[in-house]
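Worksheet: one structure, shown below.
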Amino acid sequence: MVENTLIKIKSIESKAEEIINAERQNSILLLKAARQQQAEAFKQQQEQLKKEQADQILAARTEAEQESKKIETETKRSLAELKKGVEPKISKAKKEILKCLF
Numbered sequence: 736m737v738e739n740t741l742i743k744i745k746s747i748e749s750k751a752e753e754i755i756n757a758e759r760q761n762s763i764l765l766l767k768a769a770r771q772q773q774a775e776a777f778k779q780q781q782e783q784l785k786k787e788q789a790d791q792i793l794a795a796r797t798e799a800e801q802e803s804k805k806i807e808t809e810t811k812r813s814l815a816e817l818k819k820g821v822e823p824k825i826s827k828a829k830k831e832i833l834k835c836l837f
């Protein structure tokens, strides 16, 4: 009777140990899967961040190019106005110089 009880206890202990080992293995697999998912999510976030940064850089570049074109247009306009204002004076000065020479 005692032997039967000891055999049952050892059988129960053996089954408990098997269950514990199986659960430990299951936990390890779940942990590995969770870490892998976390790593993939992190990688996706990094890629999204790079894409957003590239988009921001492109937007800033486009804005800078547009501003540059505006400045260039304004500069050309100002230069044309300056030439219009200076040409009559240059013409007068040339006439005066020619009068003085002859």
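Following our numbering, the numbering of the sequence shown begins with 736 at its first residue and continues without gaps. Note that CB positions come from ideal geometry on N, CA and C, so glycine has one too.
Between the CA atoms of residue j and residue i - distance to the nearest angstrom
{"i": "residue 788", "j": "residue 811", "result": "34 angstroms"}
{"i": "residue 801", "j": "residue 814", "result": "20 angstroms"}
{"i": "residue 777", "j": "residue 747", "result": "44 angstroms"}
{"i": "residue 763", "j": "residue 745", "result": "27 angstroms"}
{"i": "residue 715", "j": "residue 823", "result": "The structure shown does not extend to residue 715, since the chain is modelled only from 736 through 837, so no value can be given for it."}
{"i": "residue 743", "j": "residue 754", "result": "16 angstroms"}
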